[in-house]
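Participant: Under the working numbering, think of the first position of the sequence shown as 530, with each following residue one higher. Just so you know, even glycine gets a beta-carbon here, dropped at the ideal spot from N, CA and C. Only a predicted model underlies this, so the values are computations on that prediction, with no experimental measurement involved. Quick one: structure below, then a few questions.
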Amino acid sequence: MIDMHVHLYPPEINADPAGWAARAGEPHWATLSTRRRKSGQPVQGFPSVEELLRAMDEAGVERSVLLGWYWERAENCRLQNRFYADCVYAHPDRISAFASVSPSAGEDAVLHELDWAREHGLCGVGELSPHSIGWACEDPILAAVLARAGDWGWPVNLHVTEPVSRDYPGKVETPLADFAQLAAAHPHTPLILAHWGGRLPLLLGGAAGADTAAYVEDGGAAVDFALPQNLYFDTAASPLIYGPDIWQKFVARVGAERVLFGSDYPLNLYPALSAEPDIARFAAELRERSGLTAEEICVISTDNARRLLGRL
Ligand SMILES: [Zn+2]
Numbered sequence: 530m531i532d533m534h535v536h537l538y539p540p541e542i543n544a545d546p547a548g549w550a551a552r553a554g555e556p557h558w559a560t561l562s563t564r565r566r567k568s569g570q571p572v573q574g575f576p577s578v579e580e581l582l583r584a585m586d587e588a589g590v591e592r593s594v595l596l597g598w599y600w601e602r603a604e605n606c607r608l609q610n611r612f613y614a615d616c617v618y619a620h621p622d623r624i625s626a627f628a629s630v631s632p633s634a635g636e637d638a639v640l641h642e643l644d645w646a647r648e649h650g651l652c653g654v655g656e657l658s659p660h661s662i663g664w665a666c667e668d669p670i671l672a673a674v675l676a677r678a679g680d681w682g683w684p685v686n687l688h689v690t691e692p693v694s695r696d697y698p699g700k701v702e703t704p705l706a707d708f709a710q711l712a713a714a715h716p717h718t719p720l721i722l723a724h725w726g727g728r729l730p731l732l733l734g735g736a737a738g739a740d741t742a743a744y745v746e747d748g749g750a751a752v753d754f755a756l757p758q759n760l761y762f763d764t765a766a767s768p769l770i771y772g773p774d775i776w777q778k779f780v781a782r783v784g785a786e787r788v789l790f791g792s793d794y795p796l797n798l799y800p801a802l803s804a805e806p807d808i809a810r811f812a813a814e815l816r817e818r819s820g821l822t823a824e825e826i827c828v829i830s831t832d833n834a835r836r837l838l839g840r841l
């Protein structure tokens, strides 16, 4: 099994996340990552790479793909990328990692940072959230990043918010039509839309069932949408947003080839059931409660990731 959506942070961030974010100028990250639920429970942990490896062993995950963050400042992208290069170097058999980029440094610096990341063993870009950091989807720097990723065969992971969900602190609207446009503008770059892509294939056009109606009622724009070849969806944070019926519903719409298992560890996916983040419980949801066939489960949990990471 390969987990395509994991976040780790360097020890200096883990030691004092809120203090670091205040010093480093990352208020949005602090809002999302250091908040507590009404019960007082933290929404996520800050594990070391060793703790991640233990959680992977318990869940039967052979490889994790570490995703960067949509940092507002370029120097924080550099910090994250250097930490991830160390993780990949120390555990090449268990860990892959994607690079963080921020437009604040300018196009040359961004492309130079991507070169650095590639030379140091990283193999994709993201998690990016242009909407969260005020980066226009038409920005030429974003286009340059997506084009470079396409040249290298690198997947790019993009954060997508479920449009019809309740509000939570730090929630950012991410209009679904923007992702359809990015996919069309960069047909040679594999785009992985996180969190089931906010159910994009179920909401935009197509079957136009009850889901689309609720989306339009909520102010969403329904557009004609045919699924482009370069679009993939990960399952990160699924139990916090959807019931286990999402697996069959989504696969019936787009096919298992487009879905990638990703947990969003160390986010706690089952706050009512456990105090700690736990990949194993989510892996068990896919294996035992998704209603998918053994073949579909294998495609989602392993084959698609291998193909995208070039590890067949
Ligand atoms: Zn994430």
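Spatial neighbours of Pro684 within its chain, please: CB distance less than 6 angstroms, with the 5 preceding and 5 following residues excluded, ordered by chain position.
Facilitator: Gly653, Pro719, Ile721 and Leu837
Participant: Rounded to whole angstroms, how far is the Cβ of Glu555 from the Cβ of Arg611, which I believe are closer than 8 angstroms?
Facilitator: So it is not a contact: roughly 16 angstroms between Cβ atoms.
Participant: Looking at the secondary structure, which residues open and close the beta strand (DSSP E) in which Asn686 lies?
Facilitator: Val685 to Leu687
Participant: Go to Phe762, then tell me how far its beta strand (DSSP E) extends in each direction, as first and last residue.
Facilitator: Leu760 to Asp763
Participant: What do you get for Gln758, buried or exposed, if any count of 16 or more other CB atoms within 10 angstroms of its CB means buried?
Facilitator: exposed
Participant: Less than 8 angstroms separating the beta-carbons of Gly635 and Thr690?
Facilitator: no
Participant: Given a threshold of 16 other Cβ atoms within 10 Å of its Cβ, counted over all protein chains shown, does Val745 qualify as buried or as exposed?
Facilitator: exposed
Participant: Starting from the N-terminal end, write out each residue whose C-beta falls within a distance shorter than 6 angstroms of any non-hydrogen atom of ligand 1.
Facilitator: Chain-ordered list of matching residues: His534, His536, Leu596, Glu656, Ala723, Ala765 and Asp793.
Participant: Ordered along the chain, which non-local residues of its own chain (more than five positions away) have a Cβ less than 7 angstroms from that of Leu796?
Facilitator: Val572, Gln573, Ala766 and Pro806
Participant: In whole angstroms, give me the CA-to-CA distance for Asp763 and Ala551.
Facilitator: 30 angstroms
Participant: What are the boundary residues of the alpha helix (DSSP H) that His641 is part of?
Facilitator: Glu636 to Glu648
Participant: Exposed or buried, which one is Glu851 when buried takes at least 16 other CB atoms within 10 Å?
Facilitator: Given that the chain is displayed from residue 530 to residue 841, the structure contains no residue 851 and the question cannot be resolved.
Participant: Using the Cα positions of Ala781 and Arg695, report the straight-line distance between them to the nearest angstrom.
Facilitator: The straight-line gap from Cα to Cα measures roughly 25 angstroms.
Participant: Roughly how far, in whole angstroms, is the beta-carbon of Ala743 from the beta-carbon of Val693, given that I think they are within contact range, below 8 angstroms?
Facilitator: 5 angstroms
Participant: Using the Cα positions of Ser631 and Val578, report the straight-line distance between them to the nearest angstrom.
Facilitator: Pairing Ser631 with Val578, the inter-Cα distance amounts to about 24 angstroms.
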